[in-house]
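Student: For the sequence shown, the working numbering assigns the number 21 to the initial residue and increments by one for each residue that follows. Glycine included, every Cβ here is placed at the ideal spot set by N, Cα and C. As the structure is a prediction and not an experimental result, all values here were calculated from the model. Take this structure, written in structure tokens, and hold onto it; I'll ask about it next.
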Amino acid sequence: MKLVQFETEDGLRLNGCLEDVGSDTTIVHIHGKGGNFYENKFVKIMFEAYPAKGFNFLSFNNRGHSSYVEAYQNGQIVYVGSVTERFEDCLLDLRAAEKFARTLGSRVVFQGHSFGCEKSMYYSLHVNPDVELILLSPCDGYRLQQVYIAPETVEQQLERLRNEYRLEGFELAAPGEYGIRVESVDYHVPITARALVELMEGPAFALIAIDKPWQGPKISSPTFVYFGGRDPLQVDGIGPIKQAFQQRIQNPHVAVFEEGDHALRPVFGEVLDQISAWLRRQ
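Structure representation (structure tokens):
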């Protein structure tokens, strides 16, 4: 493995780690909100398993990594992170990652985890449908916000945020405004008020909203989708979100692992075996 760097079109330097085994296929891992290229335990497993199966593996930090961190853009120090991230900027990050991956081989596969799934789907719809997708534990962000903010509705919260906050600069939203509250999991996700409003009324929440009819075109990219039966973030069970993906993607390969959780535990090996078989389907 080696550390790598590449730049986006707007000059932001992104960092990651690459295992290049000379394959024509490169799997590019896109972490979830506030994550990074190494934190999840399964990333370490993938750095061993994917190359052993004959695939290059790249995991990198997009500009939504961590909370609020120093970065370099056009030679100047800037600050990025999930606290201030604009979802639409993921297109810049993923375009740079695809460009870098294509220096290794002609076949690029985006592997999104959690919030990284929305970014991968958005990229397929708006930039390049030829990039294949692996979606690990995609969740309905709109539904999770409904649960977190209840009894207030998301729409009521949006109206209140516009009245209570200036929605400019580094103005942090209160801890009770955004986070995860399901089963035994309950935590606040730091975010500025402006970034929260943009997230809630932007395309990210619309991509996997299971109780809203899908209005856009179907994703045509070949797509593998993993769901874990013990994923606490699937608050309505696997059935509704599985149906939502059937509406959004042309012929997705959906794999449900009843014993799996949000982080692919304890079924890492079985999931990676199925993904590898899917990648070799042609």
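1. Going by DSSP, what residues sit across from Val-217 in a beta bridge?
2. When the Cα of Ser-140 is compared with those of Asp-109, Ser-126 and Glu-278, which residue comes out closest?
3. Identify, in the order they occur along the chain, each residue of the same chain with its Cβ nearer than 8 Å to the Cβ of Asn-56, setting aside the five sequence neighbours on each side.
4. Could you tell me the alpha carbon to alpha carbon distance between Arg-180 and Thr-212, rounded to whole angstroms?
5. Check for me: the alpha helix (DSSP H) holding Ala-264 runs from which residue to which?
6. Near Gln-93, what residues of its chain come up, given a Cβ to Cβ distance below 6 Å and the 5 sequence neighbours on each side ignored?
7. Using a threshold of 8 Å, state whether the C-beta atoms of Ser-144 and Ile-239 are closer than that.
8. Determine the direct distance from the alpha carbon of Leu-227 to that of Val-217, and round the result to whole angstroms.
9. Hey, how far is the Cα of Glu-39 from the Cα of Ala-194?
10. Under the assumption that Asp-281 contacts Arg-250 (Cβ atoms under 8 Å), give the Cβ distance between them as a whole number of angstroms.
11. Which full runs of the alpha helix (DSSP H) of 4+ residues lie inside the region 44-78, going along the chain?
12. Since Ala-91 sits in a beta bridge, which residues does DSSP pair it with?
13. Hey, could you find the ends of the beta strand (DSSP E) Glu-39 is sitting in?
14. For Cys-137, collect the residues of the same chain with a Cβ closer than 6 Å to its Cβ; drop the 5 residues on either side in sequence, then sort them by chain order.
15. Quick check on Asp-160: buried or exposed, where buried means 16 or more other Cβ atoms within 10 Å of its Cβ?
16. Which of the three DSSP states, helix, strand or coil, is assigned to Ala-229?
17. How many angstroms separate the CA atom of Val-147 from the CA atom of Gly-222?
18. Measure the beta-carbon distance from Asn-76 to Leu-34 and round it to whole angstroms, keeping in mind my assumption that it falls under 8 Å.
19. Can you give the Cα-Cα distance for Ala-117 and Leu-23, rounded to whole angstroms?
20. Express the C-alpha separation of Val-128 and Ala-283 in angstroms, rounding to a whole number.
21. Drop a sphere of 10 angstroms on the beta-carbon of Gly-257, count the other beta-carbons inside from all chains shown, and report buried for 16 or more, exposed for fewer.
22. So is Lys-61 buried or exposed if we call it buried at 16+ other beta carbons inside 10 Å?
23. For Val-174, which three-state DSSP category applies?
24. Could you tell me if the beta carbon of Ser-144 falls within a distance shorter than 7 Å of some heavy atom in the ligand ZN?
25. Does the contact criterion of 3 or more C-beta pairs under 8 Å hold for the region 164-180 versus the region 197-204?
26. Among residues of its own chain, excluding the 5 on either side of Gln-25, which ones have a beta-carbon nearer than 8 Å to its beta-carbon?
27. Taking just the CA atoms, how far does Arg-186 sit from Pro-272?
Tutor: Let's see:
1. According to DSSP, Val-217 bridges with nothing at all.
2. Asp-109
3. Asn-81, His-85 and Ser-86
4. 15 Å
5. 258-268
6. Gly-31 and Leu-32
7. yes
8. 16 Å
9. 41 Å
10. 5 Å
11. 61-72
12. Val-98
13. 33-39
14. Leu-155 and Pro-158
15. buried
16. coil
17. 17 Å
18. The Cβ separation is near 17 Å, so there is no contact.
19. 14 Å
20. 23 Å
21. exposed
22. exposed
23. helix
24. For the structure depicted, the ligand ZN is absent and the ligand set is empty, with no information on it obtainable.
25. yes
26. Arg-33, Leu-34, Asn-35 and Gly-36
27. 42 Å
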